[in-house]
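Residue numbers (my numbering): 1 to 229.
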Amino acid sequence: MHVQVVLFDGFDPLDVVAPYEVLSAGGQASDGAVTVELVSAEGPREVISGTEGLALCATGALDPERADMVLIPGASGRVGEPGEVPEEEAGAGERQQDELIPVLLGRTLTTGLPALLQLAMDDPDTTVATVCGGSLVLAMAGLLEGRHATTHHMGLDMLDATGAHAVRARIVDDGDLVTGAGVTSGLDLGLYLLEREVGPRVAHAVEELFAHERRGTVWRPQGPTPSAF
1 MHVQVVLFDG
11 FDPLDVVAPY
21 EVLSAGGQAS
31 DGAVTVELVS
41 AEGPREVISG
51 TEGLALCATG
61 ALDPERADMV
71 LIPGASGRVG
81 EPGEVPEEEA
91 GAGERQQDEL
101 IPVLLGRTLT
111 TGLPALLQLA
121 MDDPDTTVAT
131 VCGGSLVLAM
141 AGLLEGRHAT
151 THHMGLDMLD
161 ATGAHAVRAR
171 IVDDGDLVTG
181 AGVTSGLDLG
191 LYLLEREVGP
201 RVAHAVEELF
211 AHERRGTVWR
221 PQGPTPSAF
């Protein structure tokens, strides 16, 4: 299983590093059954995150035909007040510090990323995974209508407004779409993907290595609909 983790300007570093390390460790524990690389829509380049200018290097180009799994992080920046509408400041063609997260997420729509993500979503053999606001990147591009997904709890209403079925759960498995909620859910997401794609023994070994126990029930669109509480 080859995983491409997508970097875009303003990404959240923990959204990237947590699943990257978990999946990389899974590859070591499974004699190379999992490989991981950092990519961008533009190809190899240094990509600046939304956290104090921290940068990571994309070593390749996002290529859904070469990837078995594409993982999209959220953005890091200023949360803003509830209901606050982000506005581009004068001269905002350049990256600003402490920009609103919705602005950073929305800016991905002006890049080549949505078209590449469309290819990944259209391929039933490719699993698309997201952490935190990564699901909003897909949703804002119109790629999640009718799909079950989660995101950071502050973005659930926005996710639901795009036509997706927002689920308040830490991990949501909707088949070839697997989404994680808040930032630290990237650890749980990575472990769950290892369990699902490689097996529970490898996932357990990595869980022990990281001294991190997953929490919450993975939500799937299966079984009877529960009555309201």
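Positions of the beta carbon are idealized from the N, C-alpha and C atoms, including for glycine.
Since this is a predicted model, take the numbers as computed values, not measurements.
Under the three-state DSSP convention, the category His204 falls into
Judged by DSSP in its simplified three-state form, His204 adopts helix.
Nearest-angstrom Cα distance between Asp123 and Arg66?
So the two alpha carbons sit approximately 12 Å from each other.
Thr225 by DSSP, collapsed to three states: which one?
For Thr225, the three-state secondary structure derived from DSSP is coil.
Return yes when the Cβ of Ala61 is within less than 9 Å of the Cβ of Gly32, no when it is not.
Pairing Gly32 with Ala61 gives a Cβ-Cβ distance that is not under 9 Å.
Specify the secondary structure class of Gly91 as computed by DSSP and reduced to three states.
Only weak support is given to the placement of Gly91: the predicted model assigns it a pLDDT of 44, under 50, and the question is left unresolved by the model.
May I ask you to report which of helix, strand or coil DSSP gives Asp173?
Strand at Asp173.
Figure out for me which residue from Glu145, Arg168, Asp9 has the closest Cα to the Cα of Leu109.
Checking every option, the nearest Cα to that of Leu109 belongs to Asp9.
Leaving out five residues on either side along the sequence, give the residues of the same chain with a beta carbon under 6 Å from the beta carbon of Gly50.
Once the five neighbours on either side are set aside, the close Cβ partners of Gly50 are Gly10, Ala75, Ser76, Gly77, Leu104.
Span of the beta strand (DSSP E), counted from its first residue to its last, around Glu46:
Start and end: 45-48.
Buried or exposed by the 16-neighbour rule on C-beta atoms within 10 Å, applied to Gln4:
By the neighbour-count rule (16 or more Cβ atoms within 10 Å), Gln4 is buried.
Val218 versus Leu14: straight-line alpha-carbon distance, rounded:
If you take the alpha carbons of Val218 and Leu14, they lie about 21 Å apart.
Segment contact, 8 Å Cβ cut-off, at least three pairs: the stretch 130-146 with the stretch 200-209
Flag = no, the stretch 130-146 and the stretch 200-209 do not touch.
Is the separation between the beta-carbon of Ala58 and that of Ile48 shorter than 9 Å?
Contact: no.
Would DSSP call Leu198 helix, strand or coil?
The question names Leu, but residue 198 is Val in the sequence shown. Reduced to three states, the DSSP call for Val198 is coil.
Taking the CB atoms as reference points, tell me whether Val128 and Val178 lie closer together than 9 Å.
Yes; because the gap between Cβ atoms is below 9 Å, this pair is in contact.
Is the beta carbon of Asp160 less than 9 Å from the beta carbon of Ala166?
With respect to the 9 Å criterion, Asp160 and Ala166 are classified as neighbours on the basis of their beta carbons.
First through last residue of the alpha helix (DSSP H) which encompasses Val22
First-last of the alpha helix (DSSP H) with Val22: 13-29.
Given that a residue counts as buried once 16 or more other Cβ atoms are within 10 Å of its Cβ, and exposed if not, what is Val79?
Exposed, by the Cβ-count rule.
6 Å Cβ shell around Arg214 - same chain, five flanking residues per side excluded
These residues qualify, in order along the chain: Asp188, Leu191.
Using beta-carbon positions only, say whether Thr130 and Ala41 come within less than 9 Å of one another.
Inclusion of Thr130 and Ala41 in the CB contact set at 9 Å is not warranted, their separation being larger than that value.
According to DSSP, is Ala164 helix, strand or coil?
Shown here, Ala164 sits in coil according to DSSP, grouped into three states, outside any helix or strand.
Whose CA, out of Val17, Glu197, Thr225, lies closest to the CA of Asp68?
Checked all of Val17, Glu197, Thr225; the closest Cα to Asp68 is Glu197.
Through-space distance from Val6 to Pro64, alpha-carbon basis
Cα to Cα, Pro64 sits roughly 11 Å from Val6.
Starting from the C-beta of Gly106, find all residues in its chain whose C-beta is less than 7 Å away, skip the five residues before and the five after it, and write them out in chain order.
Taking C-beta separations shorter than 7 Å and ignoring five residues to either side along the sequence, the partners of Gly106 in its chain run Met140, following chain order.
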